[in-house]
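Once you know that position 93 of the sequence shown is 93 in full-length UniProt numbering, the rest is easy, because the numbers rise by one and skip nothing.
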Amino acid sequence: MSGAMRLRHQLPVLTWLVVVWILLWGTLSWANLLSGLLVAVLVTNVLPLPAVMAGARLHPIALLAFAGYFLKDLVVSSAQVAWQAIRPGRMKQGAIIAVQLRTDSDLLLTLIAESLTLVPGSIVLDLDRPRRTLGIHLLLVEDEDDVESQRAGVFTMEERVVRAFGTREDIARLADDEPTAARPPEPGRPEVRR
Numbered sequence: 001m002s003g004a005m006r007l008r009h010q011l012p013v014l015t016w017l018v019v020v021w022i023l024l025w026g027t028l029s030w031a032n033l034l035s036g037l038l039v040a041v042l043v044t045n046v047l048p049l050p051a052v053m054a055g056a057r058l059h060p061i062a063l064l065a066f067a068g069y070f071l072k073d074l075v076v077s078s079a080q081v082a083w084q085a086i087r088p089g090r091m092k093q094g095a096i097i098a099v100q101l102r103t104d105s106d107l108l109l110t111l112i113a114e115s116l117t118l119v120p121g122s123i124v125l126d127l128d129r130p131r132r133t134l135g136i137h138l139l140l141v142e143d144e145d146d147v148e149s150q151r152a153g154v155f156t157m158e159e160r161v162v163r164a165f166g167t168r169e170d171i172a173r174l175a176d177d178e179p180t181a182a183r184p185p186e187p188g189r190p191e192v193r194r
């Protein structure tokens with residue numbers, strides 16, 4: 001890879017590392033900026049990560065929509081979990097579900113799993129990569145209809161992430177494939193139960 005191409009791919013990582021460095025110090029100054037840049041260059045050269053080529057495109061309008069819905073989900077879910085923790089009476093039941101996603105990109109699968117885990121009330125327990133299936137623990141479940149509603153919410157999150165970060169092929173796959181429930185597990189593999 002040429003030097004210019006390598007710098008182009010490392011620039012977002014360098015920028016992010018400098019931003020994190022400045023946030024850790026808590027002050028924007030020339031000293032923090034330059035020392036952050038030095039640390040970022042050292043980290044990326046001493047501990048290089050494999051290059052992630054292609055596989056994602058940034059769609060600004062879809063990214064804003066994703067961010068808005070994500071923040072709304074974060075606030076609503078936080079309020080629900082907080083109320084569940086302090087309200088009198090017993091806890092609602094939880095569930096573990098399997099959801100087979102439509103996307104086949106490692107990067108997008110990771111973004112979807114992280115987005116679901118960051119929202120209180122759900123956590124991704126397992127990612128079966130070959131089958132593109134997430135095992136998800138849901139904290140608050142009323143009944144079967146609520147389980148299916150939350151499964152539909154996973155597909156909605158997948159669509160938002162793919163539209164914000166996916167390639168044309170990834171977005172086209174959303175239209176081609178309808179969301180389906182996960183297939184039964186292969187023999188010898190534990191079953192995910194509700």
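Virtual Cβ for every residue (Gly too), placed ideally from N, Cα, C.
Neighbourhood of residue i by C-beta, 6 Å cutoff - its chain only, sequence neighbours within 5 removed
i	result
V18	G36, L37 and A40
residue 198	Limits of the chain in this structure are 1 at one end and 194 at the other, which puts residue 198 out of reach.
R173	R102
Beta-carbon proximity list for residue i, same chain, < 8 Å, skipping 5 on both sides
i	result
L138	G94, A95, I96, I97, G121, S122, V147 and Q150
R129	D106 and L109
E142	K92
Q10	T44
Coarse secondary structure for residue i, derived from DSSP in three states
i	result
T133	strand
D177	coil
D128	strand
G153	helix
residue 195	No statement about residue 195 is possible, as the shown extent of the chain runs from 1 to 194 and does not include it.
V81	helix
A172	helix
L140	strand
S29	coil
S122	strand
A98	strand
Proximal residues to residue i (C-beta, below 7 Å), its chain only, five neighbours per side dropped
i	result
D170	T103, S105, L108 and V162
S78	P120
M157	I112, S115 and L116
L127	L109, A113 and L134
D73	V119
residue 197	Residue numbering for the chain in the displayed model covers 1 to 194; residue 197 lies beyond these limits and cannot be assessed.
Identity of the residue in the options nearest residue i by Cα
i	options	result
D177	L101, L127 and R8	L101
R160	D126, L42, V99 and F70	F70
A56	A175, L174, L23 and F165	F165
F155	L140, E144 and A175	A175
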